[in-house]
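This report concerns only the one structure given below.
Protein chains in written order, with the UniProt record's numbering: chain A, 1 to 463; chain B, 1 to 463.
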């Protein structure tokens with residue numbers, strides 16, 4: 001049963017064409033006039049949406065033919081649909097982000113060039129530091145921008161490798177570490193600032209700035225490993241990978257906008273524009289993917305998308321120097337990871353798939369479980385902790401008459417949510433988890449901007 | 001029959017390990033001391049060789065399992081072997097070239113930084129222009145270097161897409177055009193020189209420098225489209241894709257060395273060092289691939305490798321400003337393309353595969369042919385030209401008693417070589433074509449360096 005409609009309907013064709021045409025118009029206009037890069041970025045994001053939307057449809061059959069297909073387990077009618085469609089997002093995104101390069105950089109360089117390749121770089125850098133060109137990138141940021149692209153391309157390449165070759169879980173973990181090398185190397189070569197601002201209560205002991213040195217690179221690498229993997233782990237129901245990524249991207253974009261709307265030119269404006277230029281096209285391709293991946297899914301996203309999304313967040317937050325904010329927005333993912341730890345690290349047996357169980361009779365999702373036999377019971381300490389979690393409503397444990405474990409729900413946030421909220425429709429579960437991510441993220445941002453001033457002298461440290 | 005030895009033998013393991021260990025030693029030493037980037041590049045190339053060699057063996061079965069496999073048609077025992085192993089080369093190469101970034105750039109920046117991120121850029125640029133740091137990159141070259149990496153990653157991504165999805169010939173042609181966008185965009189943003197030096201005889205009419213403007217980008221794009229495709233077309237026997245690429249890379253490296261060994265600091269030294277840094281690791285991964293792809297092939301290279309190799313040449317020659325030299329080294333490929341044109345553009349029917357025909361009885365390769373039926377004969381003009389080519393020994397035409405075409409050899413340089421040199425063993429044909437490429441290339445370089453002074457004032461134009 002592979003009866004998926006791959007042709008675009010006439011309405012779709014017309015709408016996508018109109019959107020793309022309007023965006024191209026804005027873009028050309030923007031390039032000829034002395035336009036705002038932000039508008040160009042918006043226009044390119046519209047083009048990215050149209051392109052991704054159409055290509056997901058057109059290339060679906062080719063993906064199936066190449067063996068990139070999977071079966072949706074949580075449906076009555078199990079049929080094969082294309083897998084790894086996130087690869088299309090990645091390629092379209094990269095192309096768009098490359099085409100965008102001239103917009104933020106070109107005018108600056110024209111202004112700072114006296115012609116014939118003899119660049120008066122001093123002139124430019126001085127102006128930037130005085131805030132004159134605050135809404136454009138300084139030339140030195142070109143290298144950062146390019147290194148971000150290289151990191152994203154690396155993760156796309158490695159993600160596709162993962163989708164093709166089914167790499168082992170232990171090895172997968174380090175894929176983002178490889179992809180973050182270009183970012184860290186260029187950071188090292190081009191920037192090299194490894195100091196962090198010390199919170200006021202600690203300043204008497206550590207000073208105002210504390211140089212982490214080598215540890216700063218370890219910290220960045222950890223963020224780079226965590227973010228993509230945490231998005232990859234929170235998966236298993238239609239649309240959840242994309243919707244959580246969209247929520248995080250939106251929250252990061254809102255955070256960026258807070259810096260653009262300040263009455264005075266904020267020293268971090270550049271970093272946050274940089275971040276927006278990367279986030280807007282990401283939102284463009286992600287919405288096109290969500291359209292097809294939302295319940296009932298017509299395509300799967302593949303590991304490529306999860307890694308790629310996570311890396312986009314890493315790239316903007318590291319190069320924009322707001323990685324702590326990213327950590328705030330990943331709270332549900334962090335919770336999911338810590339909660340999963342007993343199974344990931346083998347304290348509790350971990351089945352191959354831990355996605356919620358589809359109850360064929362009711363059509364609802366229930367928590368999936370790990371079965372226990374009377375012979376194979378958890379160790380006493382583990383058992384005690386699991387019973388405690390059960391009492392705290394953080395796990396569902398079923399025991400027999402003699403108190404032996406029969407089955408325990410799997411340690412993922414999706415299963416936990418189902419333990420709390422009873423059997424749910426797949427779509428409903430996706431909506432609720434997405435709403436929870438949004439609420440937690442908004443609260444995180446509120447904390448960050450309201451309470452940061454209690455521990456830091458300034459709201460954000462510029463460059 | 002898939003009895004391919006995937007384990008490394010003990011001798012192989014020891015040799016590769018020794019090589020890699022020695023190279024790592026050199027590298028660490030080089031990084032701690034104020035070492036030459038060129039030595040670091042050589043050491044990294046050794047590591048690249050070892051890594052590619054081992055990974056080709058280790059990942060062979062995974063490639064086969066993922067459906068990336070093909071049958072070698074020109075053998076008695078037809079067996080399936082892994083396809084697309086060029087993908088491994090590309091990934092190893094990219095990783096190595098990314099890890100290399102700090103070597104040419106870091107010291108420069110340290111020298112030019114007064115600390116705390118406050119870069120005294122003037123100091124550095126002045127010095128570079130006075131030739132003091134001639135053997136190191138100026139900071140502004142970092143962007144070029146990164147854009148080259150982006151172009152190479154793009155071609156790897158698109159090449160893998162091509163290998164997976166069997167893209168149509170017409171669409172394939174433009175894959176390198178997409179991949180060259182980052183190169184051209186950064187060229188536009190960061191460099192923007194579009195003037196060419198006019199040969200002395202034409203200077204009275206055009207001036208000393210002629211600004212091609214927009215056409216310069218068209219020219220670069222054409223080179224970028226031609227080089228990868230021309231290498232992809234000259235294929236069909238074991239080892240030929242890799243051996244021709246190695247010959248071209250070696251010749252480019254020799255050409256680069258000519259500029260490093262000048263008694264006085266040549267203004268183009270930087271460009272040619274840049275080129276060497278990209279070519280040496282390419283040679284490393286290519287030799288590892290050739291080892292397994294040479295007759296009798298244990299792996300196939302896939303389109304990814306051909307595109308990637310062609311793009312490496314494009315990147316170094318465009319960013320090094322010696323694209324005319326590249327054209328000289330691609331003469332056999334250019335001949336092959338022009339010679340193929342009648343079939344590529346449909347004047348003569350073109351079968352799906354035009355690789356030389358394997359004669360099962362003799363075990364030798366013979367020219368493959370396009371058959372003609374008495375009803376379907378070429379148009380009179382085409383027929384006349386083909387008969388003329390036959391008389392010039394540039395084609396083999398077999399006619400029946402009434403002068404009607406029965407079969408004509410296919411228009412590829414490999415078939416033409418077989419027309420000239422009779423049936424050959426596959427290995428022999430590969431050796432001869434490679435030797436011819438080497439001889440033509442050396443002659444080209446000789447021409448370039450001996451005769452260029454007759455039409456240009458200087459041997460090479462610096463920046």
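All C-beta atoms, glycine included, are put in the ideal place defined by N, C-alpha and C. These numbers come from a predicted model, not from an experiment.
List the residues of chain A whose Cβ lies closer than 9 Å to the Cβ of residue i, in chain order.
i: residue 150(B); result: 94, 98, 146, 149, 150 and 153
i: residue 156(B); result: 153 and 157
i: residue 326(B); result: Near residue 326(B) there are no residues of chain A at all, since even the closest Cβ is about 22 Å away, more than 9 Å.
Which residue's Cα is closest to the Cα of residue i: the options?
i: residue 280(A); options: 251(A), 300(A) and 296(A); result: 251(A)
i: residue 277(A); options: 300(A), 200(A), 317(A) and 193(A); result: 317(A)
i: residue 240(A); options: 260(A), 306(A), 377(A) and 337(A); result: 306(A)
i: residue 161(A); options: 146(A), 178(A), 147(A) and 148(A); result: 178(A)
i: residue 181(B); options: 329(B), 217(B) and 208(B); result: 217(B)
i: residue 423(B); options: 365(B), 350(B) and 57(B); result: 365(B)
i: residue 221(B); options: 256(B), 267(B), 231(B) and 323(B); result: 323(B)
i: residue 242(B); options: 268(B), 206(B), 259(B) and 282(B); result: 282(B)
i: residue 69(B); options: 76(B), 61(B) and 75(B); result: 61(B)
i: residue 288(A); options: 198(A), 246(A) and 303(A); result: 246(A)
i: residue 427(A); options: 84(A), 386(A), 97(A) and 236(A); result: 236(A)
i: residue 248(A); options: 330(A), 230(A), 214(A) and 104(A); result: 330(A)
i: residue 238(B); options: 50(B), 390(B) and 81(B); result: 81(B)
i: residue 44(A); options: 52(A), 96(A) and 7(A); result: 96(A)
i: residue 32(B); options: 79(B), 103(B), 65(B) and 94(B); result: 103(B)
i: residue 385(A); options: 376(A), 397(A), 302(A) and 175(A); result: 397(A)
i: residue 90(A); options: 50(B), 406(B) and 158(B); result: 158(B)
i: residue 57(A); options: 255(A), 150(A), 291(A) and 416(A); result: 291(A)
i: residue 404(B); options: 382(B), 374(B), 421(B) and 419(B); result: 374(B)
i: residue 253(A); options: 9(A), 441(A) and 143(A); result: 441(A)
i: residue 87(A); options: 416(A), 431(A), 163(A) and 232(A); result: 163(A)
i: residue 359(B); options: 212(B), 10(B), 74(B) and 54(B); result: 74(B)
i: residue 320(B); options: 393(B), 410(B) and 187(B); result: 187(B)
i: residue 193(B); options: 450(B), 314(B), 444(B) and 211(B); result: 211(B)
Residues bridged to residue i by DSSP?
i: residue 398(A); result: 407(A)
i: residue 359(A); result: 364(A)
i: residue 210(B); result: 196(B)
i: residue 351(B); result: In DSSP, residue 351(B) forms no bridge with anything.
i: residue 56(A); result: Paired residues: none, contrary to the question.
i: residue 69(B); result: 82(B)
i: residue 424(A); result: 365(A)
i: residue 412(A); result: Answer is none; residue 412(A) lacks a bridge partner.
i: residue 370(A); result: 408(A)
Kindly list, in the order they appear in chain A, the residues whose Cβ is closer than 8 Å to that of residue i.
i: residue 185(B); result: 98, 99, 101 and 102
Residues of chain B with CB under 9 Å from residue i, in chain order?
i: residue 177(A); result: Correct list: empty, because the minimum Cβ distance to chain B is about 12 Å.
Who are the neighbours of residue i on chain A, taking C-beta pairs under 7 Å?
i: residue 164(B); result: 66
i: residue 182(B); result: 98
i: residue 160(B); result: 160
i: residue 143(B); result: 142, 143 and 146
Please list the partners that residue i has in chain B, where partner means a Cβ-to-Cβ separation under 7 Å.
i: residue 62(A); result: 165
Checklist line | Short-range partners of chain A found in the stretch 69 to 90 of chain B, where Cβ spacing is below 9 Å | finding: Here the close residues are 87 and 90.
Notebook entry, point to check: Quick one: complete alpha helix (DSSP H) runs, 4+ long, within the stretch 4 to 40 of chain A?
Noted result: Under the rule that a run must span 4 or more residues, the alpha helix (DSSP H) segments found entirely inside the stretch 4 to 40 of chain A read 10 to 32.
Item checked: Residues within the stretch 308 to 321 of chain B neighbouring chain A, beta-carbon criterion of under 8 Å -> Residues of the stretch 308 to 321 of chain B whose Cβ lies closer than 8 Å to any Cβ of chain A: none.
Next item on the list: Taking only beta carbons into account, state which residues of the stretch 341 to 363 of chain B come closer than 7 Å to chain A, listed in chain order.
Entry: Listed in sequence order: no entries.
Item checked: Entirely enclosed alpha helix (DSSP H) segments - the stretch 219 to 301 of chain B, minimum 4 residues -> As far as the stretch 219 to 301 of chain B is concerned, its whole alpha helix (DSSP H) runs of at least 4 residues are 240 to 260 and 269 to 293.
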